[in-house]
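Its first residue numbered 141, the sequence shown is counted upward by one per residue in this note's numbering. Ideal placement from N, C-alpha and C gives every residue a C-beta, glycine not left out.
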Amino acid sequence: MAILPIRTFGDPGLRERARRIEKVKPLHRRLANNMIETMRVAPGVGLAGNQVGVLERIFVWEVEDEVGVVVNPAIISRSAEVEESDEGCLSLPGLTYPVERSIEVTIEALDERGRPFTRTAEGLLARVFQHEIDHLDGILFVDRLPEALRREAMRELTRMSLGLPPTPPPAPVTSAEETL
């Protein structure tokens with residue numbers, strides 16, 4: 141197995157919609173194994189094809205003790221109930237923001253052997269599925285943020301892409317008595 145380079149903010153492939161895989165081949169299984177290894181080393185809980193420079197609809201995931209490969213995923217239903225939780229991304233290292241996602245989704249896809257399956261996921265796994273499918277559609281999690289947070293995240297990404305350190309958090313406000 142090989143550790144693959146993970147594409148980061150600014151790479152145009154992260155903004156492209158990945159192509160459907162017409163037939164799952166042995167090369168896709170090798171790719172999936174390499175992606176799983178890369179995800180584990182990073183470390184992360186999901187990794188999409190375009191994050192490693194492959195513009196095909198494939199992603200891998202690992203939550204708790206379960207790992208999977210998903211090819212040509214489509215969300216066929218999602219709960220109306222949503223939850224806001226912090227998300228990060230291997231392609232946007234160092235950034236974490238609260239993102240609102242459905243707490244349950246059902247997907248249809250193919251496995252690493254090309255067999256169709258349907259899977260309902262909730263909680264963290266549902267979040268991972270939504271995040272990785274967004275990647276395959278050229279959407280980054282920062283695109284899901286409210287406008288003010290999105291602008292802040294984009295400023296930070298720009299700073300990082302220029303090699304500048306992250307903006308330090310604001311100093312705590314103190315009273316005049318505390319400064320004496």
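From R291 to I198, what distance separates their C-alpha atoms? Locating residue 291 in the sequence shown gives position 151, counting from the first residue. Locating residue 198 in the sequence shown gives position 58, counting from the first residue. When rounded, the distance between both Cα atoms is 29 Å.
Please name the residue or residues paired with G186 in a DSSP beta bridge. The count along the sequence shown starts at 1 and reaches residue 186 at position 46. G186 pairs with W201.
D226 bridges to which residues according to DSSP? Translated into the one-based positions of the sequence shown, residue 226 becomes position 86. P238.
Just curious, the alpha helix (DSSP H) that T298 is in, first and last residue? As a first step, residue 298 must be located in the sequence shown, where it is residue number 158. First-last of the alpha helix (DSSP H) with T298: E287 to S301.
Regarding C229 and the ligand NAP, is the C-beta to nearest heavy atom distance less than 7 Å? Among the components of this structure there are no ligands whatsoever, and the ligand NAP is therefore not found.
Give me whichever residues DSSP pairs with R147 in a beta bridge. Here residue 147 is taken as the residue at index 7 of the sequence shown, counted from 1. In DSSP, R147 forms no bridge with anything.
Starting from F257, follow the beta strand (DSSP E) in both directions and report where the run begins and ends. As a first step, residue 257 must be located in the sequence shown, where it is residue number 117. Run containing F257: P256 to E262, per the beta strand (DSSP E) assignment.
Identify every residue that forms a DSSP beta bridge with S217. The count along the sequence shown starts at 1 and reaches residue 217 at position 77. Partner(s): T246.
Proximity below 8 Å, CB of V268 to CB of G186: Taking the first residue of the sequence shown as position 1, residue 268 is located at position 128. Taking the first residue of the sequence shown as position 1, residue 186 is located at position 46. Yes.
Could you work out which residue in E287, P213 and L297 is closest to T148 when comparing CA atoms only? In the sequence shown, counting from the first residue as 1, residue 148 sits at position 8. Nearest C-alpha to T148: L297.
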